[in-house]
Amino acid sequence: MCAARDTTMTVATPSSLYADLQVDAIPDAQLAPLTWYGIGGKADVLISPRDVASLSMLMRRCHRDQIPVRVLGSGANLLVSDSGVDGVVIRLNAPAFKSVEYNQYGRVEALRAWGGAATEQLITELARRGLAGLEQMAGIPSSIGGALRMNAGGKFGSIGDAVHSVNVLQHDGSERIYLRESLSFDYRHTNIPEGIILWGVFELKESTT
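When you read off a place in the sequence shown, starting at 1, and then add 1063, the result is the number in our numbering.
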């Protein structure tokens, strides 16, 4: 997620980018406490949008002003440079980005999970509901967005095996939905275009155990 700060130039991150938006912003935010390794420097500003509209406008403004944007998920398997991170670091930890919606398209086997939802909590709930299809993610600490971005998985498969569609918020603030047929999921890699993964829809099945 986080590249080293570019010491050859300074990228200004003015508060005017987000002051009028529904966000929680922390300038000069320490990132180390938000990662599993507990190391690393500061972000110019750490922003947690409260809704999609605010996130979309923030992306549009950063794109316009050429401000770097990165997304911080669960913080697992992540190293942050001690020199810190330029620009905006976004966390999708507001309730709007952590929800899971069942019965998509009128079918009990289809669900939509937002990018900030935790995979482990989702798998536990699916087991309770008698639904299978993402159990290959058991024990992998990640957000849904992070898991989709790297096609996380284990010896029995990956998250891409269950994907129906993915919604990506592009750098210009617009949304685009990609159906499974247009996506490829390889070992720890996907061709999901750059941007912020807002949500994924997954095709599940009734558990036989």
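Glycine is no exception: its CB is placed at the ideal position from the N, C-alpha and C atoms.
None of the values given here were measured: they were computed from a predicted structure.
Closest in C-alpha terms to GLY1138, from the list ASN1230, SER1205 and TRP1262, comes SER1205.
Contact annotation, GLY1208 with GLY1178: C-beta distance approximately 3 Å; criterion of less than 8 Å satisfied. DSSP places ILE1153 inside the beta strand (DSSP E), whose first and last residues are 1148 to 1154. In the three-state reduction of the DSSP assignment, HIS1227 falls in the strand class, which pools E and B.
Of the other Cβ atoms in all chains shown, 16 or more fall within 10 Å of the Cβ of ALA1157; this residue is therefore buried. The beta-carbon separation of TYR1241 and ILE1255, rounded to 7 Å, stays under the 8 Å limit for a contact. Between LEU1194 and GLU1269, the C-beta spacing is below 8 Å.
Counting only the Cα atoms, VAL1163 lies some 22 Å from ASP1087. Annotation: ALA1106 to VAL1115 spans about 22 Å, alpha carbon to alpha carbon. Annotation: LEU1261 to ARG1251 spans about 19 Å, alpha carbon to alpha carbon. Counting only runs of at least 4 residues, the region 1207 to 1264 fully encloses the following alpha helix (DSSP H) elements, listed from N- to C-terminal order: 1207 to 1213. Here PRO1090 carries a strand assignment [DSSP, helix/strand/coil]. Judged by DSSP in its simplified three-state form, ARG1170 adopts coil rather than helix or strand.
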